[in-house]
Amino acid sequence: MTLFRTLDLMKRLERDLAVLYSVIAEGVHDAIISSIMRKIGIESATHSYILALIEPLIRECPPRRITDTEYLISIQNNIEEALNHVHEIMDFVNSRVKVGGEEVGAFLVEKLNELEDFESNATKVYSFLLRSYLPITSTRVDTKRRATSKLIVKLLKGIADDEKEHGELLTVVNELLGVGRVKK
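In this text, residue positions in the sequence shown follow my numbering: the first is 212, and each later residue adds one.
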């Protein structure tokens with residue numbers, strides 16, 4: 212099912228972003244930026260874990276019907292593209308960290324917009340999934356199905372809210388980098 216492929220891709224993206232943010236946090240010597248990157252990394256790892264927990268719930272309580280399969284396929288293509296970009300960024304950052312090359316912060320300035328785009332696209336994915344479940348939470352279905360769908364909505368909403376915050380935090384990083392605060 213296309214929905215489960217999307218969930219699997221998002222689990223992988225969140226996991227890989229968690230690693231990327233953690234590596235960036237290690238490579239940046241500015242304490243504030245490093246802390247922001249660690250926070251986003253930890254939360255991205257948590258999102259990957261929560262998505263793994265949600266999958267059996269969705270199998271038990273699927274959304275009524277996802278009619279916009281074209282949009283879902285478009286989302287999957289965006290996620291796959293994001294995964295490729297994350298791996299390219301990771302390869303570059305790892306090569307710099309291992310050889311002690313140029314400051315990761317300088318590279319971060321260049322790639323920050325891509326990271327912000329990843330967070331924005333993730334928010335769209337979670338919002339799409341939320342819209343698929345909201346009708347179930349307010350209809351007359353059996354109690355267990357309604358409770359399960361409410362749990363799914365609650366978990367997805369928490370992740371979507373975190374993704375919005377990640378975008379805001381990356382904007383703060385951009386502002387900090389713009390004023391030359393990053394220590395070399």
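Glycine included, each C-beta is placed from N, C-alpha and C at the ideal position.
| Query | Result |
| --- | --- |
| Can you give, in chain order, each stretch of the beta strand (DSSP E) that sits fully within the stretch 221-296 and has at least 3 residues? | none |
| Is proline 447 near tyrosine 344, with beta carbons less than 8 Å apart? | Because the chain is modelled from 212 through 395, residue 447 falls outside the range shown and cannot be assessed. |
| Please list, in chain order, all residues of the same chain as asparagine 305 whose beta carbon is under 8 Å from its beta carbon, the five residues on each side excluded. | Val234 |
| With a threshold of 7 Å on Cβ separation, who are the neighbours of glutamate 271 within its own chain once the five nearest residues in sequence on each side are excluded? | Thr359 |
| Quick one: grab the DSSP three-state call for aspartate 353. | coil |
| Evaluate glycine 389 with the Cβ neighbour count: other Cβ atoms within 10 Å of its Cβ, from every protein chain shown; 16 or more gives buried, anything less gives exposed. | exposed |
| Is the beta carbon of threonine 334 sitting closer than 8 Å to the one on lysine 375? | yes |
| Assuming the contact rule is C-beta atoms closer than 8 Å, aspartate 227 and leucine 294 should be a hit. Round their C-beta distance to whole Å, please. | 6 Å |
| Which residue from Leu340, Leu326 and Val384 puts its Cα closest to that of methionine 301? | Leu326 |
| Counting Cβ pairs, one atom from each stretch, are 3 or more of them under 8 Å apart for the stretch 250-258 and the stretch 281-291? | no |
| Between the C-alpha atoms of isoleucine 253 and valine 336, what's the straight-line distance to the nearest angstrom? | 20 Å |
| Could you give the distance in angstroms between the alpha-carbon of arginine 357 and the alpha-carbon of valine 297? | 37 Å |
| How many angstroms separate the CA atom of serine 246 from the CA atom of threonine 217? | 30 Å |
| Could you work out which residue in Ser331, Leu220 and Ile269 is closest to threonine 382 when comparing CA atoms only? | Ser331 |
| Skipping 5 residues on each side, what residues in its chain have a beta carbon closer than 7 Å to that of alanine 236? | Ser245, Met248, Arg249 and Gly252 |
| With a threshold of 16 other CB atoms inside 10 Å of the CB of glutamate 292, please say whether the residue is buried or exposed. | exposed |
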